[in-house]
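Numbering (our numbering), first residue to last: 160 to 405.
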């Protein structure tokens, strides 16, 4: 019988800070499991930025830096260059990574910074009220697109993983989902692969995680996962887009 085991990297005084049904909790759990399995707890520095993702420090007993909005990868670059022996990763939302922080994100990949970025894509700005974000789908209603997103006014959603994969400095880029147990297992393997390329000194590692936001989507967790499958995944297709390990 498989015994449920709490990752050692979790804080003893951990408090749950995400909305009910939010996939952030699953994503953080996967990160914790991989850190444990790779024995990285004592050698890791995490960088989080503004948004729901910032509360990762409520969960993980790691040295963690809170960066200004959008600057997580700029801060992580400084940390990794100052402490090249440390394992460094960022945990960010899509608005943070691909809107206000797009320049920092893309240039980190273009430079091939030897660190790892994890981006949670829930197609909205979750913490600040559900505004339109860089990954908001066409036709999606948000607090700042009450008639739905249209190309003429708002442009098109960015496909983050495809852009990151095109950067010469990227060693690994994948998009995963957390809508089923099978996909959760694939997500864990992708996180492990992105961590592995950093450990091997191969360059930039990236994982985009398709996630729910039941609160701002005004859906039950079950309906939210159906939306991920039926609306998000046809646009943001899961898969490994680059892996220089072959």
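Virtual Cβ for every residue (Gly too), placed ideally from N, Cα, C.
* To do: Could you check what DSSP says for residue 256 in three-state terms: helix, strand or coil?
  => Taking the first residue of the chain shown as position 1, residue 256 is located at position 97. Here residue 256 sits in helix by DSSP.
* CB contact flag (residue 207, residue 225, <7 angstroms) -> Along the chain shown, one-based indexing puts residue 207 at 48. Along the chain shown, one-based indexing puts residue 225 at 66. The answer is yes: Cβ separation under 7 angstroms.
* To do: Quick one: residues in its chain with C-beta nearer than 6 angstroms to the C-beta of residue 247, no 5 flanking neighbours on either side, listed in chain order?
  => Position 88 of the chain shown holds residue 247. Cβ within range, chain order: 204, 235, 238, 239 and 274.
* Considering residue 206, what are the terminal residues of the beta strand (DSSP E) in which it resides? -> Taking the chain shown and counting its residues from 1, one reaches residue 206 at position 47. First-last of the beta strand (DSSP E) with residue 206: 203 to 207.
* **Alpha-carbon to alpha-carbon, residue 189 and residue 181** => Taking the first residue of the chain shown as position 1, residue 181 is located at position 22. Taking the first residue of the chain shown as position 1, residue 189 is located at position 30. In a straight line, the C-alpha of residue 181 is about 14 angstroms away from that of residue 189.
* Alpha-carbon to alpha-carbon, residue 325 and residue 352 -> Locating residue 352 in the chain shown gives position 193, where the first residue counts as 1. Locating residue 325 in the chain shown gives position 166, where the first residue counts as 1. Between residue 352 and residue 325, the C-alpha separation is close to 18 angstroms.
* My guess is that residue 252 and residue 212 are in contact by the Cβ rule of under 8 angstroms, so how many angstroms apart are they, rounded? -> Here the question's residue 252 lines up with position 93 in the chain shown. Here the question's residue 212 lines up with position 53 in the chain shown. Indeed, because the Cβ distance is near 5 angstroms, the residues count as touching under 8 angstroms.
* Asked: How about residue 323 and residue 349: are their beta carbons less than 7 angstroms apart?
  -> The residue you call residue 323 lines up with position 164 of the chain shown. The residue you call residue 349 lines up with position 190 of the chain shown. In this structure, residue 349 does not lie closer than 7 angstroms to residue 323 by Cβ.
* Asked: Which of the three DSSP states, helix, strand or coil, is assigned to residue 401?
  -> Locating residue 401 in the chain shown gives position 242, where the first residue counts as 1. Strand, per DSSP.
* Stretch-stretch touch, CB-based, cutoff 8 angstroms, three pairs: the segment 389 to 405 with the segment 335 to 349 -> yes
* **Opposing strand residues paired with residue 222 [DSSP bridges]** => Locating residue 222 in the chain shown gives position 63, where the first residue counts as 1. Note: residue 222 sits in a beta bridge opposite 204.
* Assumed close pair residue 282, residue 292 - CB separation to whole angstroms, cut-off 8 angstroms -> Walking along the chain shown from the start, residue 282 turns up at place 123. Walking along the chain shown from the start, residue 292 turns up at place 133. That pair is a contact at about 7 angstroms.
* Asked: What is the C-beta distance between residue 268 and residue 328, in whole angstroms, given that I count them as a contact (C-beta under 8 angstroms)?
  -> Along the chain shown, read from residue 1 onward, the residue named residue 268 stands at position 109. Along the chain shown, read from residue 1 onward, the residue named residue 328 stands at position 169. Between residue 328 and residue 268 the Cβ distance is about 5 angstroms, and since that is below 8 angstroms, they are a contact.
* Counting pairs of Cβ atoms below 8 angstroms between the segment 295 to 315 and the segment 355 to 372, do you hit three or more? -> no
* If you draw a straight line from the alpha carbon of residue 300 to that of residue 380, how long is it in whole angstroms? -> On the chain shown, position 141 is the one that residue 300 refers to. On the chain shown, position 221 is the one that residue 380 refers to. Each residue's Cα considered, the two are about 18 angstroms apart.
* To do: Classify residue 249 as helix, strand or coil using the three-state DSSP reduction.
  => To locate residue 249, count along the chain shown from 1; it is residue 90. Note: residue 249 maps to strand in three-state DSSP.
* **Start-end ranges of the beta strand (DSSP E) lying completely within the segment 319 to 381, minimum 3 residues** => 329 to 336 and 363 to 369
* Asked: Name the DSSP beta bridge partners of residue 284, please?
  -> Indexing the chain shown from 1 puts residue 284 at position 125. Answer is 290.
* Asked: Excluding five sequence neighbours on each side, which residues of the same chain lie with their C-beta closer than 6 angstroms to the C-beta of residue 290?
  -> Within the chain shown, residue 290 is the residue found at index 131, counting from 1. Same-chain partners within the cutoff: 284, 301, 302 and 303.
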